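Numbering (our numbering), first residue to last: 231 to 334.
Ideal placement from N, C-alpha and C gives every residue a C-beta, glycine not left out.
As the structure is a computational prediction, the values presented were derived from the model and not from experiment.
This report concerns only the one structure given below.
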């Protein structure tokens, strides 16, 4: 199962942490993981193309995206990523779990 942890502060995304494997199919054949990975990579690349210092990310066993600048464009792109993940979860809810925290 893919686990996504989203931390916000006053509705601005601080971090997105992703871990696990969807388990929909074997590695290399898992359409849920392929879709998820494509969304993540596309979003990271788009943000870095606009501003190389807007985010930092680590990709070890877990993927963590940290919103450094917290500007409007970066936040909108990260919100779009979250919306896409939620759409994927709606179709494959046994394979993705999302937990959100918002500190006002």
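Residue i burial status per 10 Å Cβ neighbour count (16 or more: buried)
i           : result
residue 273 : buried
residue 259 : exposed
residue 238 : buried
residue 288 : exposed
residue 313 : exposed
Sheet register partners of residue i (DSSP bridge)
i           : result
residue 294 : 247 and 288
residue 331 : 237
residue 315 : Beta-bridge pairing links residue 315 to no other residue.
Cβ-based neighbour list, residue i, same chain, cut-off 7 Å, excluding 5 preceding and 5 following
i           : result
residue 280 : 303
Same chain only: Cβ atoms within 6 Å of residue i, ignoring 5 sequence neighbours per side
i           : result
residue 295 : 246, 285 and 287
residue 249 : 233 and 292
Given 8 Å as the limit, is there contact between the stretch 249-265 and the stretch 322-332, that is, 3 or more CB pairs closer than that? Taking 8 Å as the limit for Cβ pairs, the verdict is that the stretch 322-332 does touch the stretch 249-265.
Runs of 3 residues minimum, wholly inside the stretch 233-282: which ones carry the beta strand (DSSP E) assignment? Fully enclosed beta strand (DSSP E) runs of 3 or longer: 242-249.
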